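Residues -28 to -1, 1 to 557 in mature numbering (1 follows the signal peptide of the UniProt record, and there is no 0) are what the sequence shown spells out, letter by letter. In this text, a Cβ means the ideal position worked out from N, Cα and C, and glycines have one as well. In this text, all values refer to a predicted model and were calculated from it rather than measured experimentally. I have placed the structure first, in the form of structure tokens, so that the comments after it can refer back to it.
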Amino acid sequence: MVQKLRGLAILASVAIVSSLGVAVPASADPTKGTIAGHLTDGGMPVPGISVFVTKIDGGAFSYSNTDSSGFYRTSELPPGDYKVEFDLRWGRQYAYQSLNWVTAPVFTITAGNELVVDDSVLPTGSLSGRLTEQDGQPIAGASVYGVGSMPSTTDSNGQWQIPRAFAGTDYVINFSDWRTGLNQYAIGKVDYYEANRITVVAGQNTVVDDVRLPTGSLKITAVDSVTGAALDGFFGYVGMRGGSAVGGEIILHDVPIGSYSVGISLEHYLEPLPLPRVTVAVGQQSEIQVRMDPEAIIQTTVVDAATGAPLAGVCVTGVMGEMRPTEGCGNVSDSEGHVSLSYLRGGSYQLLAFPTEAPGYGTQWVGANGGTGKQHLAAKIEVAAGQTANAPVIKMDRAGAITGRVTTSAGVAPDNGWVGIFGVIHGSGEVPPGHSLFDTDGRYTLENLGPYDWQLFFNVRGEAPQYSGGVANRLLARAVKVTAGGTATYDQRLRAGVTVTVNIAGTTSLYPSLRMYNAVTGDLIAQQEVNSGFTTVLPVVGPQFVKIAVDTSSGRHWIGGTDLASANLFFIPGAGSKTINVSIS
């Protein structure tokens, strides 16, 4: 039955499911739908596990439990697209037999109908091992993480066991014990991204033994990057070892040997990027001096554009390079219109102003003498580390809106994604300010926009990220005119992207991330996590020249250069496919 329904369930109507002899009781609410099915393991029912049903746009969530026959049913679901997740206690999987939310199948719930989704547990194996000290003595009571949701614990002989784990999956195993400061990854690593990938084989036990790493010590000092003056009172850490500076230094003892990123913080200073790295050797004291940038500050005043009166409640955020505003704001104009942006790195900034607490006003890129909807027309404010700069007065106009409908390159409504006033490829799931999700018909509304020409950015799952007009260069994007108190309409059918395959050599890092930048604007135009084979396939809108960076555990690697300016150019054609081979030196 499972195999028979697998090909049918996503598209099945009530009539089709009924013809298979499966009961399809109507929802109590005719405007809602139901999803139901059986979960089996080797042909046997799986009782007492939680089944989560989540609408992919985040608009609905529900759960139920399987009964003694492995049956579950979740009712009263608003129509839409959903994913189904089974919490097996020792691991989680999605119907049909997927371990990844992104690639898991989508199930469409319709009003008044019940959709049948049967599934079976993926093949499994097991893991076990022994954790010991350097002299071979067992380490008892250590937690073993990284496989499923249920950790194991080492026994009095240092033995641990995980009875079930999904086969064919690469796991990273962590051993930790806060009582003794133990924190390392199999086999003998201190960095997650350098850890061994442990592959589970169906029906077999995989043995992973490890030995606690020997230790050394580390001395951390810090200086002001502008003045060179020694700093005191900072907090520094590597791994699970950390402390506060006394007399301008921190000495950390019993640090497991290995290569670490050094974290450091101090009020009114910024942590270096990328984080400096240091190697701790057996029985030796390593030393590192960290250069910390003092904060830069930008000050300005916000007023009503028509009256010149001070305006409170406007969020102002600085944008430099890939920096993009996120939900929430710590820089809001006060009753006198004053606002100060602190903890900035030295550089060239453009400002975005959002009326988070000033209803009726419109978002703007801050120009030299008024607002604009085009980033390249925004004023640039130069500020050095440790200095304070004054930005132009922000003159807030009354708001309008943009509404419209977006369809994919295939002409259907997108199942996930957003549209906004600046480029965002990936995020934590929150919708950035100035952005809108799509409804089930692909419609969107961008509210609280200033009365200017706006260039929109579309990020839709499975489609090439692109600006209004279907281009990769925002300078060439089609502008949408907003008027105060009015609502403009802009519909877009997304342009199909070029299928770009990138093969990456020169790294063994776990899960590197590929990033493509438009060579003209420097904007991030495509991003993708890379699989364990160091090959990734992604849609990219063309034609355009791009520059490529690969992020790994050791930092960002620009292909052919040391930064965006010096990196190699790669041409993406307007259609078809493209293969790019890159190497990290």
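- Item | Per-residue DSSP class, three states only, for R184 | Position 212 of the sequence shown, counting from 1, holds the residue named residue 184. Coil.
- Query: When DSSP builds the beta bridges, which residues end up paired with Y232?
  - Reply: The residue given as residue 232 occupies position 260 in the sequence shown. DSSP lists V250 as the beta-bridge partner residues of Y232.
- Task: Using three-state DSSP, classify R377 as helix, strand or coil.
- Result: The sequence position of residue 377 within the sequence shown is 405, counting from 1. It is a strand residue.
- Message: To the nearest angstrom, how far is the alpha carbon of V378 from that of L466?
- Response: As a working mapping, residue 378 is identified with position 406 in the sequence shown. As a working mapping, residue 466 is identified with position 494 in the sequence shown. Going by the C-alpha atoms only, they are around 7 Å apart.
- Apart from the five residues just before and just after T360, which ones in its own chain have a Cβ nearer than 8 Å to its Cβ? Start at 1 with the first residue of the sequence shown, and residue 360 comes out as number 388. Hits under 8 Å: A268, I269, I270, Q271.
- Message: If the criterion is Cβ atoms closer than 7 Å, does the pair G211 and V286 meet it?
- Response: In the sequence shown, residue 211 corresponds to position 239, counting from 1. In the sequence shown, residue 286 corresponds to position 314, counting from 1. Taking C-beta atoms as the reference points, G211 and V286 fail to come closer than 7 Å.
- Message: On the DSSP letters alone, give me the boundaries of the beta strand (DSSP E) that Q256 sits inside.
- Response: Locating residue 256 in the sequence shown gives position 284, where the first residue counts as 1. For Q256, no beta strand (DSSP E) segment is defined, and its DSSP state is neither H nor E.
- Return the chain-ordered list of same chain residues with a C-beta closer than 7 Å to the C-beta of T461, the five sequence neighbours on each side being excluded. Walking along the sequence shown from the start, residue 461 turns up at place 489. Correct list, in chain order: T375, G376.
- Message: Considering only their Cβ atoms, is the gap separating A357 from D265 smaller than 7 Å?
- Response: As a position in the sequence shown, residue 265 is number 293, starting the count at 1. As a position in the sequence shown, residue 357 is number 385, starting the count at 1. For the 7 Å CB-CB criterion, D265 and A357 form a contact.
- Under the rule that 16 or more other beta-carbon atoms within 10 Å means buried, what is N146, buried or exposed? Taking the first residue of the sequence shown as position 1, residue 146 is located at position 174. Buried, since its Cβ has 16 or more Cβ neighbours within 10 Å.
- Task: Would you decide whether P2 is buried or exposed? Buried here means 16 or more other CB atoms lie within 10 Å of its CB.
- Result: The residue labelled residue 2 in the question sits at position 30 within the sequence shown. P2 is exposed by the Cβ-count criterion.
- Quick one: Cα of K27 to Cα of Q69, how far? Start at 1 with the first residue of the sequence shown, and residue 27 comes out as number 55. Start at 1 with the first residue of the sequence shown, and residue 69 comes out as number 97. Approximately 18 Å between the Cα atoms of the pair.
- Item | Sequence-distant residues of the same chain with beta carbon closer than 6 Å to R213, five excluded per side | By one-based count along the sequence shown, residue 213 stands at place 241. If we look at R213 and ignore the five residues flanking it on each side, its Cβ neighbours are L224, V227.
- DSSP bridge partner residues for I531 (one or two, in chain order): In the sequence shown, counting from the first residue as 1, residue 531 sits at position 559. I531 is bridged by DSSP to nothing; it lacks a bridge partner.
- Assigned secondary structure, R446 (DSSP; H/G/I helix, E/B strand, else coil): Here residue 446 refers to the residue found at position 474 when the sequence shown is read from its first residue. R446: helix per DSSP, three-state reduction.
- Residue closest to T380, alpha-carbon to alpha-carbon, out of G434, V502, L349: Stepping through the sequence shown from its first residue, residue 380 is reached at position 408. Nearest of G434, V502, L349 to T380, Cα basis: G434.
- Query: If you draw a straight line from the C-alpha of S400 to the C-alpha of F394, how long is it?
  - Reply: The count along the sequence shown starts at 1 and reaches residue 400 at position 428. The count along the sequence shown starts at 1 and reaches residue 394 at position 422. Legend: pLDDT at S400 = 46, less than 50; position of this residue unreliable, value from coordinates given subsequently. Straight through space, the alpha carbons of F394 and S400 are spaced by roughly 16 Å.
- Task: Measure the beta-carbon distance from G422 to V470 and round it to whole angstroms, keeping in mind my assumption that it falls under 8 Å.
- Result: Position 450 of the sequence shown holds residue 422. Position 498 of the sequence shown holds residue 470. Taking a contact as a CB-CB distance under 8 Å, the pair G422 and V470 does not count as one, their CB atoms being some 34 Å apart.
- C-alpha distance - G510 paired with K550, whole-angstrom precision: Here residue 510 refers to the residue found at position 538 when the sequence shown is read from its first residue. Here residue 550 refers to the residue found at position 578 when the sequence shown is read from its first residue. Contrary to the premise, residue 510 reads as Leu rather than Gly in this sequence. One C-alpha to the other measures close to 10 Å.
- Task: Report yes if the C-beta distance between A76 and K55 is below 7 Å; otherwise report no.
- Result: In the sequence shown, counting from the first residue as 1, residue 76 sits at position 104. In the sequence shown, counting from the first residue as 1, residue 55 sits at position 83. A Cβ-Cβ contact shorter than 7 Å links A76 with K55.
- Is the segment 169 to 188 in contact with the segment 249 to 265, if contact means three or more CB pairs nearer than 8 Å? Three or more Cβ pairs drawn from the segment 169 to 188 and the segment 249 to 265 lie within less than 8 Å of each other, which places the two stretches in contact.
- Query: Is DSSP giving Q347 helix, strand or coil here?
  - Reply: Along the sequence shown, one-based indexing puts residue 347 at 375. DSSP places Q347 in the helix class (H, G or I) of the three-state scheme.
- Task: Report the three-state DSSP secondary structure of Y165 (helix, strand or coil).
- Result: In the sequence shown, residue 165 corresponds to position 193, counting from 1. The three-state reading of DSSP puts Y165 in helix, counting H, G and I together.
- Item | Candidates V275, Q133, N420, P51, of which the one nearest G4 by Cα | Sequence index remark: in the sequence shown, residue 4 carries index 32 (1-based). Inspection of the sequence shows that residue 4 is occupied by Lys rather than by Gly. The shortest C-alpha separation from K4 is found at P51.
- Message: Quick check: the segment 9 to 20 against the segment 37 to 52, are at least 3 beta-carbon pairs closer than 8 Å?
- Response: Short answer: they touch.
- Query: If you draw a straight line from the alpha carbon of G527 to that of V554, how long is it in whole angstroms?
  - Reply: Translated into the one-based positions of the sequence shown, residue 527 becomes position 555. Translated into the one-based positions of the sequence shown, residue 554 becomes position 582. Approximately 16 Å between the Cα atoms of the pair.
- Query: Do the CB positions of P427 and A444 come within less than 7 Å of each other?
  - Reply: Counting from one through the sequence shown, the residue named residue 427 turns up at place 455. Counting from one through the sequence shown, the residue named residue 444 turns up at place 472. In the sequence on display, residue 427 carries Gln and not Pro. With respect to the 7 Å criterion, Q427 and A444 are not classified as neighbours on the basis of their beta carbons.
- Apply the 10 Å Cβ neighbour rule to G108 and answer buried if 16 or more other Cβ atoms are within range, or exposed otherwise. Within the sequence shown, numbered from 1, the residue matching residue 108 stands at position 136. Note on G108: under 16 other CB atoms within 10 angstroms of its CB, so exposed under the neighbour-count rule.
- Query: Got a sec? Which residues, its chain only, sit under 6 Å from G414 by beta carbon, not counting five neighbours each side?
  - Reply: Residue numbering aside, residue 414 sits at position 442 when the sequence shown is read from its first letter. Within the same chain, R377, V378, T379, A385, P386 come within 6 Å of G414 by CB-CB distance, once the 5 residues on both sides are set aside.
- Query: Hey, quick one: how far does the beta strand (DSSP E) through Y489 stretch, first residue to last?
  - Reply: Locating residue 489 in the sequence shown gives position 517, where the first residue counts as 1. Looking at the DSSP string, the run of the beta strand (DSSP E) that includes Y489 is 485 to 490.
- Item | Reduced DSSP category for H240 - H, G, I as helix; E, B as strand; rest coil | Along the sequence shown, one-based indexing puts residue 240 at 268. H240 falls in the coil class under three-state DSSP.
- Taking all protein chains shown into account, decide if N37 is buried (16 or more other Cβ within 10 angstroms of its Cβ) or exposed. Your numbering for residue 37 matches position 65 in the sequence shown. Residue environment analysis places N37 among the exposed positions, since fewer than 16 neighbouring C-beta atoms fall within 10 angstroms of its C-beta.
- From the DSSP output, which residues share a beta bridge with F138? For the purposes of this step, residue 138 is taken as residue 166 along the sequence shown, with counting starting at 1. In the DSSP assignment, F138 is bridged to T96.
- Through-space distance from G219 to G406, alpha-carbon basis: For the purposes of this step, residue 406 is taken as the residue at position 434 of the sequence shown. For the purposes of this step, residue 219 is taken as the residue at position 247 of the sequence shown. Looking at the two C-alpha atoms, the distance is approximately 47 Å.
- Buried or exposed (CB count within 10 angstroms, at least 16 for buried), K519: Along the sequence shown, read from residue 1 onward, the residue named residue 519 stands at position 547. Buried, by the Cβ-count rule.
- Closest residue to G205 among L71, R370, E221 (Cα-Cα distance): Stepping through the sequence shown from its first residue, residue 205 is reached at position 233. Here the closest residue by C-alpha is E221.
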